[in-house]
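Working notes, beginning with the structure itself.
There are 2 protein chains.
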Amino acid sequence: MDHLINNITESLKNEGIQNSLINGQFGIEKENVRVDYKGGMARTPHPGILGDKFHHPFITTDFSESQVEMITPPLQSVAEVHGFLETLQDVISENLVDELLWPQSAPPLLPQEEEIPIAKFGEKGIHKEKYREELAHKYGKERQMLSGIHFNFSLTSRLERKLKKAIKWNGDLEKFRETIYLKMVRNFMRHRWMLIWLFGESPVSDPSLKMKSLKTGEKTSMGCSNAISIRNSSVGYRNKEEYFVDFNSLDRYFSSLSKLIESGDILSGDELYLPIRLKFNEDSKQISHLEVRILDLDPFEKSGVSKNRLYFTHLFLLYSLFKEEKDAYQDKDQKIAAKNQDLVSCSGMNPDLLLMSTDGNSTGCDQMLNDLFADIKKFMADCKLNENEEYSSALSEVKGLIDNPNERSSFKVKEKVLEEGFINFHLNKAKQHKEESEMSGFRFHGFEDLELSSQLLMKAALRRGVEFNILDRSENFISLTQGDKMEYVMQATRTSLDNYSSVLMMENKLVTKKILEASSVRVPCGLDYQNAKQARSDFDLFEGKPIVVKPKSTNFGLGITILKENNNQEVYKRAVDIAFEHDGSILIEEFISGREFRFFVINDQVTGILHRVPANVKGDGEKSIRELVEIKNLDPLRGRGYRTPLEKIRLEEAEEMFLKEQGFNFESVLKKDQIVYLRENSNISTGGDSIDYTDDIHQSYKDIAIQSSKALDVKITGLDMMIEDVTVPATKDNYAIIEMNFNPAIHIHCYPYIGKNRQLNEKILDSLGF
Amino acid sequence: MDHLINNITESLKNEGIQNSLINGQFGIEKENVRVDYKGGMARTPHPGILGDKFHHPFITTDFSESQVEMITPPLQSVAEVHGFLETLQDVISENLVDELLWPQSAPPLLPQEEEIPIAKFGEKGIHKEKYREELAHKYGKERQMLSGIHFNFSLTSRLERKLKKAIKWNGDLEKFRETIYLKMVRNFMRHRWMLIWLFGESPVSDPSLKMKSLKTGEKTSMGCSNAISIRNSSVGYRNKEEYFVDFNSLDRYFSSLSKLIESGDILSGDELYLPIRLKFNEDSKQISHLEVRILDLDPFEKSGVSKNRLYFTHLFLLYSLFKEEKDAYQDKDQKIAAKNQDLVSCSGMNPDLLLMSTDGNSTGCDQMLNDLFADIKKFMADCKLNENEEYSSALSEVKGLIDNPNERSSFKVKEKVLEEGFINFHLNKAKQHKEESEMSGFRFHGFEDLELSSQLLMKAALRRGVEFNILDRSENFISLTQGDKMEYVMQATRTSLDNYSSVLMMENKLVTKKILEASSVRVPCGLDYQNAKQARSDFDLFEGKPIVVKPKSTNFGLGITILKENNNQEVYKRAVDIAFEHDGSILIEEFISGREFRFFVINDQVTGILHRVPANVKGDGEKSIRELVEIKNLDPLRGRGYRTPLEKIRLEEAEEMFLKEQGFNFESVLKKDQIVYLRENSNISTGGDSIDYTDDIHQSYKDIAIQSSKALDVKITGLDMMIEDVTVPATKDNYAIIEMNFNPAIHIHCYPYIGKNRQLNEKILDSLGF
């Protein structure tokens, strides 16, 4: 025990340290057994659509081929890591055909042991298979099918440096790190029983489950009547015996671990099934992070773990860091801690449970819980973490469980299993989770502040095992890496595929027009003026033709006049003057009639075509406009503030006015199939509908879109085309290109109101060569 | 004569037409004989540095290998076309070694006829050589060495359409065009004598010049005592006889031309040496433009012709378009006009010259001049061109010549030749023009509103024969074309060489830093904050280190604090607060000492390194600071408002204050070699000096610049590096990259205050593959 470290609590008064506490590096690994719709372990191989499991950084298999393992990268907040895990869950669920992810740590219906398939990794991964075979032999395959959650954690280097400075540590940073991480581990080990008591969630298993006894080698049923966590219990995912390693210094740790390996008790550190592990950088022997292995799957959560559970676990680790230690952590202390784990796992539902206090005496579990909770609460107040909404809400939830032990998830699971049966209950949960996953297909949880297009691209990357790194979050600037390949992408569609000058051409409407014109693509013809006198005196050139008079750059359509006849010189001059009020440069262009379509082009292929329609409802002869809007707004694709592919239709002043012009109000009841528009503009942001036309537009228009892209040597563009009639082939004058966008959104083509998901996120990754 | 067209004058009341009159398409072709420094025709081949003359669109040879021909593309104003010509003149002059451009239409010292080399165009151009040999045989090589200026002109299609509409012409546009262009030609032919009288400028030739008489075949001396333009005279650059073609309709024109060719009088239309020619599109028989061939070279103008002369010629053509014709243009009228040309060319200096009026009677030249001038002046008033400064000033100049005929250039040339001798006078002028060309090397005349970098790129393009087209002038957006190759460039350095994501990386300072850091390039290390509380509480991380606290985006350095010690927490916190007052996101970075250098990288090569020094003067023990500044400001590289590579040093409040701090004022006299700075900042815009360091920096820094460019996969960048000592190799911490710019200026590396021209404009064209 280092004296300086032990008195680290003092540093909590330091405001800089307080402000840095919630930061850290967080990671999660989670296993779920794949099951069929009857609750039986899936016999199919790991799905190919989820990539090469040997190289995939996020999705692989654990012990068994049927046991999916999800791995998040290290992320900077609990919210992010939880979101990443949830997104992994979504992506895997969406891509499983006729299968579900088993939401319980205790296994589903298993076949005969010999039919439980060990994960296959091909020739390159033959060592992995060998290792699994040894485990199967030693522990029985059934035991290896127990699934759980590992929570990885390290402090930020900023906090480490601040702590080191605050306590005036004179040694080097690495030594300081070892010291504080070992302290965290020791305190965690001492108090770990609390996490199991709170969050243990494998109280029962299916009656059919038999596991090899590590003592006798016989297959036996599992469970004790008051169990909270079979997985964490002595019959669970544990070594043959309780092996102890010495956490009082790094040297002692390595030497105790070596002894266990030399004696043949375990093959490597990986086989030491501790509730928490020290993890090291592969190339150095420096501590990289801690791995908390104690959390069971939570069947009530789609992702298998609630955010609050993670917040509390993080808090528990911080508490372990700052909590003063009275003594070194000796063998006797290890034994007491292990005993308490077993007691809580196996009998944690017993309200009168007795545990062992640090001095070896039996003490009421409730008393010990309350004492420990009070100490954690005090710690939170000391470091002002109680001012943080997430952490204090997590603490309140825990307080509720301590006050009402029957509210614990373990009780709820047991109750539900009694009602519905072990398999049925969990199967229903699994189905529910899958539905939820499918409904939030457009979302990357934990990263909802990014644009939907970026979220979708990241989701596609995640499925393929392309790692991403957010370089500038507010700019949606990410890097994508797979093997040696690296790409930088901004806003999903601004990539290295395009050359700079093509983008500059698109950015400049005048230049776009000139180049398209030179390539015989129709654009609204017209002239630009810097001089009002010249523009005013050009009435003769436009007389009798439908024209648009507009400022060269315009926001929200200000200063634009459409003259459909243009036979009054005075009106024309006024329109010119209005445009010049908004810009020193104006355009007078022919007015193009028809409907507007967005063509999305990638690498000379039209990959999506979309048309937007103003906010509208369709009557059923019974409901009012207000009711029809409310029903339409229930669609999970509709939300508020650009967080969803479509926006909810509003019932506000603009809509009221527009309806009034048509003789309606919000309470008007529409006839069956009567369509009423609530807005003139077709923007998605005001509740408009997006309709996929990719397969419904004459090929000739697609050819024009490609020809245009080639003219500017553009690889990715969102091209806006006016078309008179999409079923009639393009002629010289029944269409026109209005604009080519250099950063077109992709989500609108993936989640349209009507039509197919055109998977533009996948197509962009394809094009980038991933 | 078409009645509608003849009464076209009415349309001049139309404001739209008035406003469109000065627009048009203008082009110039000009010949100059290359001479040595003794005034002898150069015997060297056309310089290779000026490109392949067979394909070069702007620079080729005319009849003789020694006769450079400059060709501007069609441009939209007289100012542009004059500027382009002047720039051609500059580029050719700069690239001639030990040779000059002969500034007079009458030839320099010629060798024996057989030694005058016919232009060589290689095998592909063998037909051109053949044609020239026939001309040599027919006209004598000496006559072909008479050089001149051709002015090409067409109306804008906008004006043509407006005119057609105004006079209610019902036929098709092409027929309308034929009619008005033929009218222009006829009126021009009638009155062309006036242009010769005004602008004729080959009054004498060198006494040694003898030309083959077209009548007798003998070699004879040229000239008559009152000649104005030998070149336009009957012994000048003319056919054997006066051949007439019929300009009353296009059909008649072609048939009269065919007759001349069939009779063997001329080989093709090209051999018909008319004062004005109709020109046609090659593929159709549509009129493209008119070619005025009457202008002599003006030895007093570097470019060979003044802008005013071009403005008046344009005005003369417009007058010809609108001037009512009393009769058709018959043979007798042609003869009168030809006679007048001969009279003016040969005797135009005679104050009592008589010409022939349209009715065939002799009339005083002065009377005819005054009448014609009055009519042109009235036309100008009718169409309000008198409100245009350029055109009315051109008219005033002409008025001055009519009032004082001895002021004409022809008189001045004759006078100077009398004083200095024919060869000497023109040789001196040629030398003076060459010096002027060299002083404006950074400028593309007529396009001075573009950035200097773009002007330089265009100049390099011009030399190589790469055609350019300005797509958006205010944006400096141009296209470059040569053969099948086309490139689009904005601001000289934003090109297709770079991919979009590399540019986005450079645009984002945070991302640039992250990527460079990951590539082990040193950048100022630091942290970014969105939260003031967090930043304020991070004093411990930066205590005792030199830092810069700055808003993430900053203009003019606002909100930046440099803390060189950083040992006062309160001062630190204040600096944080100040930065947050300017942006919601701030950076705290280590402060990097040393001097800043701009590295220009193209395609993984450092092509220029520049260091900037604040405005300064160096004493001589006698002069005051004010005088020293005035002398330094005489440098033609220094100007005002970014139109020159350097800016003049100002003597304003900021300079006064800064000098005062050092104990000086503007009148202080500095000791010999004493250097005093007038500004703290080193910006060029406030009179700073730019110093080329390309060859004076240790290679290791260049390697770092290249490594950085590769890290971002950037092809063109201006990289700003802080370096402690440029002579010491780079170590881990004696430099840092501050910024990488995606649109760096090139002119600063081409025209530094001290150092070589690094020719970045040429290197960019090289990289683009031209």
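Just so you know, the protein sequences line up as chains A and B, in that order. So that you can map any letter, position 46 of the first sequence is 45 in numbering that gives the first Met the number 0, and since no number is skipped, the others follow by simple counting. So that you can map any letter, position 194 of the second sequence is 193 in numbering that gives the first Met the number 0, and since no number is skipped, the others follow by simple counting. Every residue, glycine too, gets a C-beta built ideally from N, C-alpha and C. In this text the structure is predicted, and so the values were computed from the model without any measurement.
In chain A, what lies closer than 8 Å to D497 of chain B by C-beta?
-> For the C-beta of D497 of chain B, the chain A residues within less than 8 Å are, from N- to C-terminus, N498, Y499.
In terms of DSSP beta bridges, what is P550 of chain B paired with?
-> P550 of chain B pairs with B:I585.
Rounded separation between E132 of chain B and K284 of chain B - CA only = Roughly 29 Å between the two C-alpha positions.
Could you run through the segment 469-484 of chain B and flag, in chain order, every residue whose CB is less than 7 Å away from some CB of chain A?
-> Against chain A - using a Cβ distance shorter than 7 Å - the residues of the segment 469-484 of chain B are L470, D471, E474, F476.
Residues of chain B with CB under 9 Å from M40 of chain A, in chain order?
-> Those within 9 Å of M40 of chain A in chain B number zero; the least Cβ separation is about 43 Å.
Given a threshold of 16 other Cβ atoms within 10 Å of its Cβ, counted over all protein chains shown, does S689 of chain B qualify as buried or as exposed?
-> By the Cβ neighbour-count rule, S689 of chain B is buried, with 16 or more other Cβ atoms within 10 Å of its own.
Straight-line Cα distance separating E437 of chain A from D89 of chain A = Taking the straight line from one Cα to the other gives about 7 Å.
Kindly indicate the opening and closing residues of the beta strand (DSSP E) around Y676 of chain B.
-> Start and end: 674-676.
Does the distance from the CB of I401 of chain A to the CB of L368 of chain A come in under 8 Å?
-> Yes. Within cutoff.
If M188 of chain A and Y328 of chain A are in contact, beta carbons under 8 Å, what's the gap, nearest whole angstrom?
-> A Cβ-Cβ distance of about 7 Å is found for the pair M188 of chain A and Y328 of chain A, placing them in contact under the 8 Å criterion.
Which value, in whole angstroms, describes the spacing of the CA atoms of F741 of chain A and E738 of chain B?
-> In a straight line, the C-alpha of F741 of chain A is about 25 Å away from that of E738 of chain B.
Contact list for E14 of chain A against chain B, beta-carbon separation under 7 Å = Taking the beta carbon of E14 of chain A as reference, the chain B residues within 7 Å of it are S536, listed in sequence order.
Would you say A735 of chain A and V522 of chain A are within 8 Å of each other, going by their C-beta atoms?
-> Going by C-beta atoms, A735 of chain A is nearer than 8 Å to V522 of chain A.
Cβ-Cβ distance between R308 of chain B and L294 of chain B below 8 Å = For R308 of chain B and L294 of chain B, yes; Cβs fall inside 8 Å.
Consider the Cβ of L540 of chain A: report whether some Cβ of chain B lies at a distance smaller than 8 Å.
-> Interface residue, yes.
Is DSSP giving K278 of chain A helix, strand or coil here?
-> Collapsing the DSSP output to three states places K278 of chain A in a strand.
Pair within 8 Å by beta-carbon distance, S220 of chain A and C345 of chain A | At a Cβ-Cβ threshold of 8 Å, S220 of chain A and C345 of chain A do not count as neighbours.
Is G445 of chain A buried or exposed, if buried means 16 or more other CB atoms sit within 10 Å of its CB?
-> That one is buried.
Runs of beta strand (DSSP E) lying entirely within the segment 664-714 of chain B, each at least 3 residues, in chain order | List check, beta strand (DSSP E) in window: 674-676, 688-691.
Express the C-alpha separation of F410 of chain A and G399 of chain A in angstroms, rounding to a whole number.
-> When rounded, the distance between both Cα atoms is 14 Å.
Going along the chain, which residues of its own chain have a beta-carbon closer than 7 Å to the beta-carbon of R176 of chain A, five neighbours each way excluded?
-> Correct list, in chain order: E159, I286.
Whole angstroms is fine: what's the gap from G618 of chain A's alpha carbon to F663 of chain A's?
-> G618 of chain A and F663 of chain A have their C-alpha atoms roughly 13 Å apart.
For the beta strand (DSSP E) holding F152 of chain A, just list the boundary residues, first then last.
-> 147-153 is the span of the beta strand (DSSP E), which, as asked, contains F152 of chain A.
Mapping DSSP to helix, strand and coil, what is V628 of chain A?
-> Residue state, collapsed to three classes: helix.
When the Cα of L197 of chain A is compared with those of A:I753, A:L394, A:R463, which residue comes out closest?
-> Ranking the options by Cα distance to L197 of chain A, first place goes to A:L394.
Local conformation of D539 of chain A per DSSP, three classes = D539 of chain A: helix per DSSP, three-state reduction.
Which listed residue (B:I745, B:K709, B:D691, B:C749) has its alpha carbon closest to that of V725 of chain B = A check of alpha carbon separations from V725 of chain B across B:I745, B:K709, B:D691, B:C749 identifies B:D691 as the nearest.
Where N18 of chain B meets chain A, residues with beta-carbon distance less than 7 Å = At a C-beta separation below 7 Å, N18 of chain B has these neighbours in chain A: K532, Q533, S536.
What is the rounded straight-line gap between the Cα of S684 of chain A and the Cα of R442 of chain A?
-> Straight through space, the alpha carbons of R442 of chain A and S684 of chain A are spaced by roughly 18 Å.
Name the chain B residues whose beta carbon is nearer than 7 Å to that of T494 of chain A?
-> Those within 7 Å of T494 of chain A in chain B are Y499, S500.
Does any C-beta atom of chain A lie closer than 8 Å to the C-beta of V77 of chain B?
-> By this cut-off, V77 of chain B is not an interface position.
By DSSP, does M348 of chain B sit in helix, in strand, or in coil?
-> Shown here, M348 of chain B sits in coil according to DSSP, grouped into three states, outside any helix or strand.
Anything in chain B within Cβ reach of K376 of chain A, meaning under 7 Å, just list it in chain order.
-> Ordered by position in chain B, no residue passes the 7 Å Cβ test against K376 of chain A, which lies about 24 Å from the chain.
Roughly how many angstroms lie between the CA atoms of L562 of chain B and E388 of chain A, to the nearest whole one?
-> Taking the straight line joining both Cα atoms gives about 36 Å.
Exposed or buried, which one is S262 of chain B when buried takes at least 16 other CB atoms within 10 Å?
-> It is exposed - the Cβ of S262 of chain B has fewer than 16 other Cβ atoms within 10 Å.
Closer than 8 Å, Cβ to Cβ, to anything on chain A: give me those residues from the segment 341-360 of chain B, in chain order.
-> Considering only beta carbons, no part of the segment 341-360 of chain B lies closer than 8 Å to chain A.
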